[in-house]
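Trainee:
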């Protein structure tokens, strides 16, 4: 239908074009890359350039960078899911008037530039930042925590930035869930955890998948 056509035009076709360019060689011209298929004397020749991929896979620095990006994106996605699911569940079960306020609070970070939000977290997480000053003043720690320029600081910033992308699709699925299914499960003697794992979690599976993709894909590129 129309949704699949939209995805094909704006997602699949650009991806195919980038994939095609990755197998081509650079030239001066329009377009600035060689053709992958050539026809000479009625014979079709394929000119796939694999040197780009070979160059990337031969350098240990590139491989380490790719693996680090995948690890940080995966961990950030899991953290967003663990934090975002309870938030979305609470918002979906709140009173209708309160839902709007809570969802507005979730959307508030989008009202500020991404760059400004990142710089705000730098001021909070650095050695002489707000967080360390507060913890030292309360006597919880005696030396500043090394959060700035660390993996922990990166995870905090990424989870804060992408958490709304996890909450919104989860909320959209949880708020439409038929609560009579839970009531029937409780009437039949099901414990709350059993009802959650057998009913709520499966019904929100599509929201989990959508939220995870919305977080993981941009997080890989950070």
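In UniProt numbering, the protein residues as written are 1 to 222. We put the CB at the ideal spot given by N, CA and C, even for glycine.
May I ask you to list the residues that DSSP assigns as paired with residue 45?
Mentor: In the chain shown, residue 45 corresponds to position 45, counting from 1. Answer by DSSP bridge pairing, in chain order: 38.
Trainee: Can you list, in chain order, the residues of its chain with a C-beta nearer than 7 Å to that of residue 24? Leave out the 5 residues immediately preceding and following it.
Mentor: The count along the chain shown starts at 1 and reaches residue 24 at position 24. So the qualifying residues of the chain are 33, 34, 36, 49.
Trainee: Less than 8 Å between the CB atoms is what I'm expecting for residue 69 and residue 220, so what's the real figure, rounded?
Mentor: Mapped onto the chain shown, residue 69 falls at position 69. Mapped onto the chain shown, residue 220 falls at position 220. That pair is a contact at about 5 Å.
Trainee: Compare the C-alpha of residue 177 against each of 200, 151, 161, 81 and name the closest.
Mentor: In the chain shown, residue 177 corresponds to position 177, counting from 1. In terms of Cα proximity to residue 177, the closest of 200, 151, 161, 81 is 200.
Trainee: Report the rounded CA-to-CA distance for residue 232 versus residue 39, giving the unit in angstroms.
Mentor: Shown here, the chain extends from 1 to 222; a query on residue 232 therefore has no answer.
Trainee: Just to confirm, are residue 185 and residue 195 a CB contact at a threshold of 8 Å?
Mentor: Position 185 of the chain shown, counted from the start, is the residue given in the question as residue 185. Position 195 of the chain shown, counted from the start, is the residue given in the question as residue 195. Their beta carbons are under 8 Å apart, which means residue 185 touches residue 195 by this criterion.
Trainee: Are there 16 or more other CB atoms within 10 angstroms of the CB of residue 73, so buried, or fewer, so exposed?
Mentor: Counting from 1 along the chain shown, the entry for residue 73 is found at position 73. Under this definition residue 73 is a buried residue.
Trainee: Could you tell me the distance, in whole angstroms, from the CA atom of residue 6 to the CA atom of residue 15?
Mentor: Counting from 1 along the chain shown, the entry for residue 6 is found at position 6. Counting from 1 along the chain shown, the entry for residue 15 is found at position 15. Cα to Cα, the separation comes out at about 14 Å.
Trainee: Which same chain residues end up closer than 8 Å to residue 156 when comparing Cβ atoms and leaving out the 5 residues on each side of it in sequence?
Mentor: The residue you call residue 156 lines up with position 156 of the chain shown. Once the five neighbours on either side are set aside, the close Cβ partners of residue 156 are 121, 125, 147.
Trainee: Can you tell which of 160, 145, 93, 65 has the C-alpha that lies nearest to the C-alpha of residue 117?
Mentor: Looking up residue 117 in the chain shown gives position 117. Nearest of 160, 145, 93, 65 to residue 117, Cα basis: 160.
Trainee: Are residue 189 and residue 84 closer than 8 Å when you measure CB to CB?
Mentor: By one-based count along the chain shown, residue 189 stands at place 189. By one-based count along the chain shown, residue 84 stands at place 84. Cβ atoms of residue 189 and residue 84: not closer than 8 Å.
Trainee: Relative to the C-alpha of residue 209, which candidate in 169, 142, 180, 27 has its C-alpha closest?
Mentor: Within the chain shown, residue 209 is the residue found at index 209, counting from 1. The candidate whose alpha carbon is nearest that of residue 209 is 169.
Trainee: When we look at the beta-carbon of residue 42 and count the other beta-carbons within 10 Å, is it buried (16 or more) or exposed?
Mentor: Locating residue 42 in the chain shown gives position 42, where the first residue counts as 1. Flag for residue 42 reads exposed.
Trainee: Just grab the DSSP bridge partners of residue 58 for me.
Mentor: If you number the chain shown from 1, residue 58 lands on position 58. Residue 58 is not bridged to any residue.
Trainee: In whole angstroms, give me the CA-to-CA distance for residue 64 and residue 95.
Mentor: Walking along the chain shown from the start, residue 64 turns up at place 64. Walking along the chain shown from the start, residue 95 turns up at place 95. Approximately 48 Å between the Cα atoms of the pair.
Trainee: Spatial neighbours of residue 181 within its chain, please: CB distance less than 7 Å, with the 5 preceding and 5 following residues excluded, ordered by chain position.
Mentor: For the purposes of this step, residue 181 is identified with residue 181 of the chain shown, where counting begins at 1. Here the set comprises 199.
Trainee: For residue 33, which three-state DSSP category applies?
Mentor: Within the chain shown, residue 33 is the residue found at index 33, counting from 1. Here residue 33 sits in strand by DSSP.
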